[in-house]
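Undergrad: Here's a structure for you.
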Amino acid sequence: MVIPVLIGMTLIVFFILRLIPGNPAQLILGQRATKESLEALTSQLGLDQPWYIQYFSYMKGLFTGDIGTSIRTGAPISQEIWPFFIATIELSVVALLIAIVIGMNAGVISAWFQNSWFDYTAMVIALVGISMPIFWLGLMDQWFFSIDLGWLPSTGRENVRDPVTPITNFYLIDTLIQGDFSQLNVVVKHLILPACALGTISMAIIARITRSSMLEVMRSDYIRTAQAKGMRMFWVVYKHGLKNALIPVLTVIGMQMGILLGGAVLTETIFGWPGIGRYIYEAINFRDYPVIQTGILIVAAFFVLINLVVDLLYAAIDPRIKYH
Amino acid sequence: MEVKNLTTSFFTDDGIIPAVDHVSFHINKGEILGVVGESGCGKSVTSLSIMGLVPNPPGKIISGEILLNGEDLTKLPEKRMRQIRGNDVAMIFQEPMTSLNPVYTIGNQLVEAIRLHQKMDKKQARNRAIEIMKHVGLPRAEELIDDYPHQLSGGMRQRVMIAMAMVCEPKLLIADEPTTALDVTIQAQILRLMKKLNENDQTAIMLITHDLGVVAEVCERVVVMYAGKIVEEGDVESIYEHPKHPYTIGLIKSVPDVHMKIDKLYSIPGNVPKPGSIKQGCAFAARCEFATNRCFTETPPLLDMGHGKSVRCFLHETVEDVSYSV
Numbered sequence: 001m002v003i004p005v006l007i008g009m010t011l012i013v014f015f016i017l018r019l020i021p022g023n024p025a026q027l028i029l030g031q032r033a034t035k036e037s038l039e040a041l042t043s044q045l046g047l048d049q050p051w052y053i054q055y056f057s058y059m060k061g062l063f064t065g066d067i068g069t070s071i072r073t074g075a076p077i078s079q080e081i082w083p084f085f086i087a088t089i090e091l092s093v094v095a096l097l098i099a100i101v102i103g104m105n106a107g108v109i110s111a112w113f114q115n116s117w118f119d120y121t122a123m124v125i126a127l128v129g130i131s132m133p134i135f136w137l138g139l140m141d142q143w144f145f146s147i148d149l150g151w152l153p154s155t156g157r158e159n160v161r162d163p164v165t166p167i168t169n170f171y172l173i174d175t176l177i178q179g180d181f182s183q184l185n186v187v188v189k190h191l192i193l194p195a196c197a198l199g200t201i202s203m204a205i206i207a208r209i210t211r212s213s214m215l216e217v218m219r220s221d222y223i224r225t226a227q228a229k230g231m232r233m234f235w236v237v238y239k240h241g242l243k244n245a246l247i248p249v250l251t252v253i254g255m256q257m258g259i260l261l262g263g264a265v266l267t268e269t270i271f272g273w274p275g276i277g278r279y280i281y282e283a284i285n286f287r288d289y290p291v292i293q294t295g296i297l298i299v300a301a302f303f304v305l306i307n308l309v310v311d312l313l314y315a316a317i318d319p320r321i322k323y324h
Numbered sequence: 325m326e327v328k329n330l331t332t333s334f335f336t337d338d339g340i341i342p343a344v345d346h347v348s349f350h351i352n353k354g355e356i357l358g359v360v361g362e363s364g365c366g367k368s369v370t371s372l373s374i375m376g377l378v379p380n381p382p383g384k385i386i387s388g389e390i391l392l393n394g395e396d397l398t399k400l401p402e403k404r405m406r407q408i409r410g411n412d413v414a415m416i417f418q419e420p421m422t423s424l425n426p427v428y429t430i431g432n433q434l435v436e437a438i439r440l441h442q443k444m445d446k447k448q449a450r451n452r453a454i455e456i457m458k459h460v461g462l463p464r465a466e467e468l469i470d471d472y473p474h475q476l477s478g479g480m481r482q483r484v485m486i487a488m489a490m491v492c493e494p495k496l497l498i499a500d501e502p503t504t505a506l507d508v509t510i511q512a513q514i515l516r517l518m519k520k521l522n523e524n525d526q527t528a529i530m531l532i533t534h535d536l537g538v539v540a541e542v543c544e545r546v547v548v549m550y551a552g553k554i555v556e557e558g559d560v561e562s563i564y565e566h567p568k569h570p571y572t573i574g575l576i577k578s579v580p581d582v583h584m585k586i587d588k589l590y591s592i593p594g595n596v597p598k599p600g601s602i603k604q605g606c607a608f609a610a611r612c613e614f615a616t617n618r619c620f621t622e623t624p625p626l627l628d629m630g631h632g633k634s635v636r637c638f639l640h641e642t643v644e645d646v647s648y649s650v
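Protein chains in written order, with my numbering: chain A, 1 to 324; chain B, 325 to 650.
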């Protein structure tokens with residue numbers, strides 16, 4: 001399943017890119033470039049070949065492990081893209097963790113105390129959270145927490161005057177490995193605002209799904225059985241209820257991870273986060289075909305991978321689900 | 325255990341509905357009491373009231389006492405109630421297919437029940453679980469303990485439920501229609517098991533059912549309920565041989581008899597009234613062939629007939645009637 005999906009993905013991206021007007025050679029050489037130099041560069045980039053030759057050489061590269069070279073910088077994409085990609089993963093994972101911890105608990109407690117003030121408040125906030133445009137929320141966060149209160153930095157990923165020495169490019173992990181806690185503090189502070197802004201919608205969606213799934217589970221006979229054993233309600237809810245309610249929640253979490261990866265562009269732009277969203281965005285401006293193709297392919301591959309993990313987790317959670 | 329004047333009502337948009345209405349009965353030590361009645365007559369709510377598990381809101385115990393060894397369960401704080409649930413009073417439910425948690429193994433759920441009330445480490449509790457599984461007649465208990473509920477048949481699941489309920493040797497076991505969802509052959513096995521446990525362990529059982537055949541097989545005394553009220557109470561033989569309340573008579577008549585070839589099975593005319601819909605008079609009056617005008621205006625009291633028997637019907641008020649029935 002995974003391979004055909006990814007091949008289909010390369011096809012779609014490849015053709016849509018070539019439908020966008022604009023010539024990379026023109027963009028590199030500028031408006032005043034001569035016809036000869038334009039033609040020379042176009043043929044050097046291989047863009048004068050018929051589309052199927054271009055596609056096949058691209059695919060051939062992929063299968064031999066060569067993900068291409070940037071038209072704009074001339075550097076291999078494999079070297080360039082990694083830090084950007086990791087930066088996005090770090091941001092998305094932290095955003096998702098915040099969304100899961102807060103969203104899931106809010107959903108569980110809302111279902112447990114259905115129609116209580118907590119339930120109403122949490123669900124109104126969740127509704128607002130879903131409807132909130134992320135760029136607006138990001139700007140408001142910046143204005144309030146960094147400009148007004150001055151608690152947190154507004155943009156970037158690190159202190160540019162004292163950059164983190166990358167090892168894995170996950171700065172949280174890098175600073176921990178190096179035992180540099182003042183740097184860790186800086187990195188965490190830079191993460192909080194963009195992660196919260198990015199995670200808000202996911203948090204709201206997770207809260208609502210958890211609540212509705214839990215409400216259904218809490219009516220089950222086995223919940224009554226657990227209560228009849230003399231179990232504390234907290235454990236009835238979190239042990240017997242939550243695990244049964246987890247399947248739809250997990251599905252949503254998997255999809256949200258993909259959406260966060262792809263949708264981080266806005267957040268990354270607002271918060272000056274050097275992630276893959278911004279990397280691809282800049283590549284689009286320069287019609288840097290190989291970078292766009294590969295960037296989108298990597299995000300798509302990651303999305304497919306996460307869904308695979310989610311499918312495997314289903315079986316781990318529910319013994320009635322088996323894969324052959 | 326003694327239930328005195330228990331009233332449990334549901335507060336709904338249509339008003340307050342008394343699902344259990346001034347119900348009093350008792351269960352002696354080591355006794356099997358049958359509670360009989362059609363669906364919606366308040367049997368299950370009575371048992372949930374005893375367990376303190378009436379869904380609240382909308383349900384609430386309005387009045388009455390539930391005395392277990394002198395302790396009134398209706399007044400206990402939740403913490404003490406949790407110690408009683410599963411330990412002194414255990415319950416098994418109608419649907420063995422859905423009453424076990426599908427995502428945990430049988431062993432996990434049994435061990436959990438043990439460790440909630442007894443100080444045991446995981447290993448000891450597991451051994452105890454295997455022991456109780458064998459006790460309720462589950463084969464290959466050592467392997468079965470690591471199975472998930474969906475790998476078991478309905479009868480086996482109900483045995484697991486019984487094992488789970490019996491694991492702390494409760495004084496009272498409430499069985500809410502334990503055999504309704506099972507095949508007839510499995511029903512007999514489960515009933516025999518419950519009878520055996522009752523005899524061996526001296527556990528009192530409150531057996532809730534709509535099946536008079538089940539009652540005849542295992543119970544000593546019977547309480548017949550109708551529309552939230554007790555309409556007749558007595559020992560099994562006298563209720564079968566000399567039923568007094570027209571509703572009980574109807575119930576017994578509707579059990580098909582293999583020796584009689586008939587074209588049409590008997591059924592009590594009409595339906596069980598919606599709880600709370602009858603404001604005055606006897607709740608059964610509309611379906612009763614002996615009903616008089618008085619039955620529609622006055623609520624009959626529960627008449628003590630002596631020998632532990634009682635009936636809620638005007639027919640037995642007069643002396644002649646009493647002599648007729650004894």
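The beta-carbon is built from N, C-alpha and C at its ideal position, and this holds for glycine as well.
Please check if any C-beta of chain A sits within less than 7 Å of the C-beta of M518 (chain B).
TA: no
Undergrad: D559 (chain B) to K353 (chain B), Cα distance in whole Å?
TA: It is roughly 16 Å from the alpha-carbon of D559 (chain B) to the alpha-carbon of K353 (chain B).
Undergrad: Tell me which same chain residues have a C-beta within less than 6 Å of the C-beta of V555 (chain B), skipping the five on either side of it?
TA: V548, H569, Y571 and R636
Undergrad: Less than 8 Å between C-beta atoms, sequence neighbours within five positions excluded: which residues of the same chain meet that for V643 (chain B)?
TA: A caution first: V643 (chain B) carries a pLDDT of 46, below 50, which makes its placement in the model too unreliable to give a value.
Undergrad: Check for me: the alpha helix (DSSP H) holding M255 (chain A) runs from which residue to which?
TA: L242 to I270
Undergrad: For E395 (chain B), would you say it is in contact with chain A, using Cβ-to-Cβ distances shorter than 7 Å as the test?
TA: no
Undergrad: Helix, strand or coil: which one does DSSP assign to M518 (chain B)?
TA: In the structure shown, M518 (chain B) sits in a helix (DSSP, three-state: H, G or I).
Undergrad: Output yes if chain B places a C-beta closer than 7 Å to the C-beta of T225 (chain A); else output no.
TA: yes
Undergrad: By how many angstroms is the C-alpha of A207 (chain A) removed from the C-alpha of A327 (chain A)?
TA: Nothing about residue 327 (chain A) can be reported from this structure: the residues present for chain A run from 1 to 324 only.
Undergrad: Note the first and the last residue of the continuous alpha helix (DSSP H) segment covering Y120 (chain A).
TA: Element bounds for Y120 (chain A): W117 to S131.
Undergrad: Could you check whether the Cβ of Y55 (chain A) sits closer than 7 Å to any Cβ belonging to chain B?
TA: no
Undergrad: Name, please, each residue of chain B whose Cβ falls closer than 7 Å to the Cβ of Y222 (chain A).
TA: T422, S423, L424 and N425
Undergrad: Grab the span of the beta strand (DSSP E) containing V217 (chain A) for me, first residue to last.
TA: First-last for V217 (chain A): F181 to M218, but that is the alpha helix (DSSP H), not the beta strand (DSSP E).
Undergrad: Sort out for me which residues DSSP pairs S291 (chain B) with in a bridge.
TA: Because chain B is modelled from 325 through 650, residue 291 (chain B) falls outside the range shown and cannot be assessed.
Undergrad: Run through the region 527-606 of chain B for me and flag every whole beta strand (DSSP E) of 3 or more residues, listed as ranges in chain order.
TA: 528-533, 545-550 and 553-559
Undergrad: Would G295 (chain A) and I276 (chain A) qualify as a contact pair, given that the criterion is a beta-carbon distance under 7 Å?
TA: yes
Undergrad: Should G103 (chain A) be labelled buried (16 or more other beta-carbon atoms within 10 Å of its own) or exposed?
TA: buried
Undergrad: Would you kindly work out how many angstroms separate the C-alpha atoms of V650 (chain B) and E641 (chain B), rounded to a whole number?
TA: Note that V650 (chain B) has pLDDT 34, beneath the 50 cutoff, so the model's placement of it is unreliable and the number below is only indicative. Using only the alpha carbons, I get a separation of about 13 Å.
Undergrad: Quick one: list the residues of chain B neighbouring R232 (chain A), beta-carbon separation under 8 Å, in chain order.
TA: R406
Undergrad: Does any CB atom of chain A fall closer than 7 Å to the CB of M415 (chain B)?
TA: yes
Undergrad: At least one CB of chain B closer than 7 Å to the CB of H190 (chain A): is that the case?
TA: no
Undergrad: On a CA-only basis, which of B:A437, B:F614 and B:I385 is nearest Q407 (chain B)? Give me that one, please.
TA: B:A437
Undergrad: For a contact defined as C-beta to C-beta under 8 Å, what are the partners of D318 (chain A) on chain B?
TA: P426 and V427
Undergrad: With a 10 Å radius around its C-beta and 16 neighbouring C-beta atoms as the bar for buried, classify M490 (chain B) as buried or exposed.
TA: buried
Undergrad: Tell me which residue opens and which closes the beta strand (DSSP E) that H346 (chain B) is part of.
TA: G339 to H350
Undergrad: Could you work out which residue in A:A25, A:L38 and A:I98 is closest to A204 (chain A) when comparing CA atoms only?
TA: Minimum Cα distance to A204 (chain A) is reached at A:I98.
Undergrad: Would DSSP call A33 (chain A) helix, strand or coil?
TA: coil
Undergrad: Name the residues in the region 360-375 of chain B whose C-beta lies less than 7 Å from a C-beta of chain A; which are they?
TA: Answer set for the region 360-375 of chain B: M375.
Undergrad: In chain B, which residues lie less than 7 Å from A245 (chain A) when you measure between Cβ atoms?
TA: Simply none; closest approach about 10 Å.
Undergrad: Please classify Y648 (chain B) as buried or exposed, where buried requires at least 16 neighbouring CB atoms within 10 angstroms.
TA: The predicted position of Y648 (chain B) is uncertain, since its pLDDT is 42 and thus under 50; a value taken from the coordinates is nonetheless stated next. Under this definition Y648 (chain B) is an exposed residue.
Undergrad: Which one of B:P593, B:I592 and B:L536 has the shortest CA to CA distance from E565 (chain B)?
TA: By alpha-carbon distance to E565 (chain B), the top candidate from B:P593, B:I592 and B:L536 is B:L536.
Undergrad: Apart from the five residues just before and just after E326 (chain B), which ones in its own chain have a Cβ nearer than 7 Å to its Cβ?
TA: H350 and L391
Undergrad: Can you grab the Cα-Cα spacing for the pair P624 (chain B) / E389 (chain B), in whole Å?
TA: 23 Å
Undergrad: When we look at the beta-carbon of A315 (chain A) and count the other beta-carbons within 10 Å, is it buried (16 or more) or exposed?
TA: exposed
Undergrad: For C619 (chain B), which option in B:A609, B:D628 and B:L626 has the closest C-alpha, if you only look at C-alpha atoms?
TA: B:A609
Undergrad: From the DSSP output, which residues share a beta bridge with R409 (chain B)?
TA: B:V413
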